[in-house]
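First the structure, in the form of structure tokens, and then the observations on it.
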Amino acid sequence: MGFLKAANGLFVLYISIILVGLNCGDDWEGLYESMTGYDFGGSLMPLFGRVGGGIYTKAADVGAFLVGKVERNILAVCQETLCDTEVDTAVVGSDLFASYAESSCAALSIA
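So, in structure tokens, the structure goes:
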């Protein structure tokens, strides 16, 4: 899942460079500014994923705790573990995408 996001980042970066290159022509500064925006967007995505995922995980923990207090036969731990695993997997994939976007844009800026 994480490698798919990183590959998607490469594809979107390639398409973005082509589209901005068609619009800007020989204006390399416009291309660099556009790629910087792509880099910042890729960096903010995991940040919001971690914040939102933390809120979602906390809500699932509270829900599992309340259900565990009321009903004795329901395994609330399964719900909590599933939520934690789902959020962690999504955020790690977003971190891979952000790392790839940042390194690609840094290499583009240096070159």
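In mature numbering (1 follows the signal peptide of the UniProt record, and there is no 0), the protein residues as written are -25 to -1, 1 to 86.
Every residue, glycine too, gets a C-beta built ideally from N, C-alpha and C.
Cβ distance (whole Å) where F72 is taken to contact G12 below 8 Å | Contact annotation, F72 with G12: C-beta distance approximately 15 Å; criterion of less than 8 Å not satisfied.
If you run the structure through DSSP and keep just helix, strand and coil, what is G12?
-> helix
Within 6 Å: the Cβ of A82 and any heavy atom of the ligand MG?
-> This structure does not include the ligand MG; it has no bound ligands of any sort.
Just the Cα atoms here: how many angstroms apart are C80 and L(-13)?
-> 9 Å
Pick out whichever of I85, D70 and C(-2) has its Cα sitting closest to the Cα of F(-23).
-> Here the closest residue by C-alpha is D70.
Could you pull out every residue in the same chain whose Cβ sits closer than 6 Å to the Cβ of G(-1), ignoring the five residues on either side in sequence?
-> none
Under 7 Å between the Cβ atoms of S9 and V(-6)?
-> Yes.
Based on Cα-Cα distance, which residue from D2, D14 and F(-15) lies nearest to A82?
-> Comparing Cα positions, the closest option is D14.
Alpha-carbon to alpha-carbon, A34 and T64 | 18 Å
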